[in-house]
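There are 2 protein chains.
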Amino acid sequence: MRDANYPWFILVPDRANITEIYQLSADEQCMLVHESSLLAEALMVGFSPDKLNIAAIGNVVPQLHLHHIVRYQHDPIWPAPVWGAVPAMEYQGDEILRTANKLLVQLPASFSVIEL
Amino acid sequence: MRDANYPWFILVPDRANITEIYQLSADEQCMLVHESSLLAEALMVGFSPDKLNIAAIGNVVPQLHLHHIVRYQHDPIWPAPVWGAVPAMEYQGDEILRTANKLLVQLPASFSVIEL
Numbered sequence: 291m292r293d294a295n296y297p298w299f300i301l302v303p304d305r306a307n308i309t310e311i312y313q314l315s316a317d318e319q320c321m322l323v324h325e326s327s328l329l330a331e332a333l334m335v336g337f338s339p340d341k342l343n344i345a346a347i348g349n350v351v352p353q354l355h356l357h358h359i360v361r362y363q364h365d366p367i368w369p370a371p372v373w374g375a376v377p378a379m380e381y382q383g384d385e386i387l388r389t390a391n392k393l394l395v396q397l398p399a400s401f402s403v404i405e406l
Numbered sequence: 291m292r293d294a295n296y297p298w299f300i301l302v303p304d305r306a307n308i309t310e311i312y313q314l315s316a317d318e319q320c321m322l323v324h325e326s327s328l329l330a331e332a333l334m335v336g337f338s339p340d341k342l343n344i345a346a347i348g349n350v351v352p353q354l355h356l357h358h359i360v361r362y363q364h365d366p367i368w369p370a371p372v373w374g375a376v377p378a379m380e381y382q383g384d385e386i387l388r389t390a391n392k393l394l395v396q397l398p399a400s401f402s403v404i405e406l
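These protein sequences, in sequence, are chains A and B. Read in the numbering used here, the first sequence has 389 at position 99, and its numbers run on one by one without any break. Read in the numbering used here, the second sequence has 291 at position 1, and its numbers run on one by one without any break.
Quick look at the structure:
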């Protein structure tokens with residue numbers, strides 16, 4: 291996510307026309323939580339957060355996607371959730387690439403990263 | 291949750307000292323998403339939402355719990371996420387019990403409801 295306030299990544303499962311997790315098959319649901327946990331563990335290693343925030347919201351973009359947000363006790367709004375808190379902060383220079391790379395090197399090759 | 295703005299339920303898996311989903315075993319992760327989906331389907335039947343919002347935040351109470359929020363396009367803050375939006379609204383009379391019962395009748399007996 292283009293918000294330098296916190297490292298923020300969105301997991302988008304490759305399944306069309308799904309808006310809610312329960313619409314996935316039981317096997318796909320397990321795969322989703324497994325992939326989310328791979329991402330979560332990569333975030334722990336790459337960023338050493340105090341807490342992860344993981345959410346399926348989708349009120350604006352309904353296609354299923356899971357927010358994964360790295361939170362620190364020293365971040366701009368701790369302990370509030372990120373939504374409705376402070377405006378997104380622009381990344382400067384190559385900071386967004388460095389942030390994505392810190393994640394990417396921790397992930398299996400089955401993950402691909404798309405910049406939003 | 292004591293917020294009459296939206297039907298809002300919290301799933302608390304019966305596992306001590308867990309703060310992040312990835313800390314559960316692979317089997318427990320599948321169980322968690324399965325139970326979350328049972329709750330989600332019960333919410334769909336009981337409340338006919340336009341969207342469900344499901345989130346693991348835990349910045350204040352770190353023990354693992356999953357928010358499940360019923361959202362309508364006509365609710366007070368749609369499409370914003372509920373956090374940081376409007377103050378919680380008190381339930382009136384037995385409305386909180388009626389809301390809980392609307393959910394409870396849709397859930398398997400393995401779920402128990404605790405009022406927070």
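Heads up, the beta-carbon is just placed ideally off N, CA and C, and yes, glycines get one too.
Applying the criterion that 16 or more other CB atoms from any shown protein chain within 10 Å of the CB defines a buried residue, is residue i buried or exposed?
i, result
"residue 391(B)", "exposed"
"residue 404(A)", "exposed"
"residue 364(A)", "exposed"
"residue 383(B)", "exposed"
"residue 307(B)", "exposed"
"residue 302(B)", "exposed"
"residue 371(A)", "buried"
"residue 398(B)", "exposed"
"residue 326(A)", "buried"
"residue 346(A)", "buried"
"residue 323(A)", "buried"
"residue 366(B)", "exposed"
"residue 387(B)", "exposed"
On the DSSP bridge list, what partners appear for residue i?
i, result
"residue 254(A)", "No information on residue 254(A) is available, as it lies outside the stretch 291 to 406 that chain A covers here."
"residue 301(A)", "356(A)"
Is residue i close to chain D, meaning its C-beta is less than 8 Å from at least one C-beta of that chain?
i, result
"residue 315(B)", "The question asks about chain D, but that chain is absent: this structure's protein chains are A and B."
Let me see if you follow: with CB-CB separation under 8 Å, is residue i close to chain B or not?
i, result
"residue 350(A)", "yes"
"residue 368(A)", "yes"
"residue 338(A)", "no"
"residue 360(A)", "no"
"residue 307(A)", "no"
"residue 330(A)", "yes"
"residue 353(A)", "no"
"residue 342(A)", "yes"
"residue 377(A)", "no"
"residue 303(A)", "no"
"residue 311(A)", "yes"
Just reading off the alpha helix (DSSP H) that residue i is part of, what are its end residues?
i, result
"residue 308(B)", "Segment: none, residue 308(B) is in no alpha helix (DSSP H) and carries neither H nor E."
"residue 386(A)", "385–394"
"residue 327(A)", "316–337"
Counting only beta-carbon atoms, is residue i nearer than 8 Å to chain A?
i, result
"residue 386(B)", "no"
"residue 391(B)", "no"
"residue 324(B)", "yes"
"residue 327(B)", "yes"
"residue 396(B)", "no"
"residue 381(B)", "no"
"residue 298(B)", "no"
"residue 404(B)", "no"
"residue 345(B)", "yes"
- Query: Hey, is the region 305–317 of chain A in contact with the region 328–340 of chain B, meaning 3+ C-beta pairs nearer than 8 Å?
  - Reply: yes
- Query: Can we say the region 351–371 of chain A touches the region 351–359 of chain B, given the rule of at least three CB pairs closer than 8 Å?
  - Reply: no
- Query: Should the region 369–383 of chain A be called in touch with the region 294–303 of chain A, which here means at least 3 C-beta pairs below 8 Å?
  - Reply: Between the region 369–383 of chain A and the region 294–303 of chain A, the count of C-beta pairs closer than 8 Å reaches three or more; the two stretches touch.
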